[in-house]
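Enquirer: Every letter in the sequence shown is one number past the one before it in full-length UniProt numbering, and letter 264, counting from 1, is 274. Positions of the beta carbon are idealized from the N, C-alpha and C atoms, including for glycine.
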Amino acid sequence: NFSTIDKTAFAWSAPSNIALVKYWGKKENGEQIPANPSISFTLKHCKTITSVEVKRKEMNESFSFDLLFEGQPKEEFKPKIQKFLERIERFCPYLKNFHLVIDTKNTFPHSSGIASSASGMAALAMNIMSLEKALVPAISDDYFYAKASFLARLGSGSACRSIKGEVVTWGENQSIKASSDLFGVAFESLHENFKQYQDTILLVDKGEKVVSSTLGHDLMHGHPYAERRFEQAHDNLAALSTILKEGAIEDFIKIVESEALTLHAMMMTSMPYFILMKPNTLEIITKIWQFRNDTKFPVCFTLDAGANVHVLYPNNVKEKVLQFIKDELVGYCENGQYICDEIGKGA
Ligand code: 2P0
């Protein structure tokens, strides 16, 4: 029951997210199915904001779209969007009826080493679902958000965790009811201790990564420790889901830091092997351990696929931890830059 639309426009923002149990490795079918389940904190301030104007055109065999970054044409991003549209075509057959003008910008600085693929693909997927909703007004909210996450996954795996919920799981796991390989599921019953949890992102290296995440995932095929790692991720997710419900921050820290180091250990033991951490990454980790030992404040770190360090801590120690960051860690950041973020709710 399609309604007729000639011309309309939408806009969405979607946040970045930081994995606690890391997605690293895909199943071999080319459908963006994770080899292991993951869980992440949704961020609040690091976002992509994307507007899409749609205008009906003659239905033909090709997609047509313009891509703007901060209002200016950005040709080099087009192939990634073209590939995304091709991947989702069979789920969104209406797309070829429209010319799209996609205009996108990020709230975080260019080449900060903060990946924009999760927030970017999530924001674009939300816009596409707004078009679908305009064409098929009867679709439910649940369907809207689940399909947005499904589409975002096809753009970039971790993007499916940037749609809805403060904490989101992706990938089938026995401990999480309704978990799915196909889309992210909001984690219910987050303990009070993790509400407003803080993530201060220390920008250690803003340069281009030596190995992309997509290639890194591929290197898990035939990796000597892959199977054991995938099992471990299942176990860590099961344990962490209890911890997030019950509020045990000490146990949270053990799993989260171990996951970050394991992610990088997988990179170092790939063939070809690679290292994304920098000397300053290790300096910061050492300082965080010292500070935690001295103060007993529940501060920990996690890492993404890069050199930046995410410092995670509860809101009630924010002032003291920020002071520590300013006094002891800023010197290890490129140009002294860091970003204060915290748990957010999604797109
Ligand atoms: C994650 N990362 O769980 C892990 C941990 C980076 C480190 O997912 O190929 O950009 O687009 O599915 O999602 C980064 O990989 O890769 C990532 P694709 P993606 O957040």
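(1) Just to confirm, does Ser166 get its C-beta within under 8 Å of one of the non-hydrogen atoms of the ligand 2P0?
(2) Just the Cα atoms here: how many angstroms apart are Lys17 and Lys65?
(3) Taking only three categories from DSSP, how would you classify Ile353?
(4) Among Ser159, Ser48, Val327, Lys174, which residue has its Cα nearest to the Cα of Ile186?
(5) Which residues bound the beta strand (DSSP E) around Ser26?
(6) Excluding the 5 residues flanking Ser223 on each side, which residues of the same chain have their C-beta closer than 6 Å to its C-beta?
(7) Based on Cα-Cα distance, which residue from Glu38, His274, Phe197 lies nearest to Ala248?
(8) Alpha carbon to alpha carbon, what distance is there between Pro324 and Phe204?
(9) Looking at the strands, I want to know which residues DSSP matches up with Val178.
(10) Indicate the three-state DSSP secondary structure (helix, strand or coil) for Asp314 in the structure shown.
(11) Relative to the ligand 2P0, is the shortest distance from any of its heavy atoms to the C-beta of Ala29 smaller than 8 Å?
(12) Need the endpoints of the beta strand (DSSP E) that Lys115 sits in, please.
(13) Got a sec: does the ligand 2P0 put a non-hydrogen atom nearer than 8 Å to the Cβ of Ser48?
(14) So who's on the other strand from Leu322, going by DSSP bridges?
(15) Please list the terminal residues of the continuous alpha helix (DSSP H) segment that includes Leu292.
(16) Please report how far the alpha carbon of Ile349 lies from the alpha carbon of Tyr342, in whole angstroms.
(17) From the DSSP output, which residues share a beta bridge with Phe75?
Expert: Short version:
(1) Ser166 has its Cβ nearer than 8 Å to a heavy atom of the ligand 2P0.
(2) 4 Å
(3) strand
(4) Ser48
(5) Following the DSSP letters along the chain, one finds Ser26 inside the beta strand (DSSP E) bounded by residues 17-31.
(6) Ala315
(7) Phe197
(8) 7 Å
(9) Partner(s): Ser50, Ala196.
(10) coil
(11) yes
(12) 108-116
(13) yes
(14) Asp209, Cys310
(15) 289-305
(16) 14 Å
(17) Bridge partners of Phe75: Leu110.
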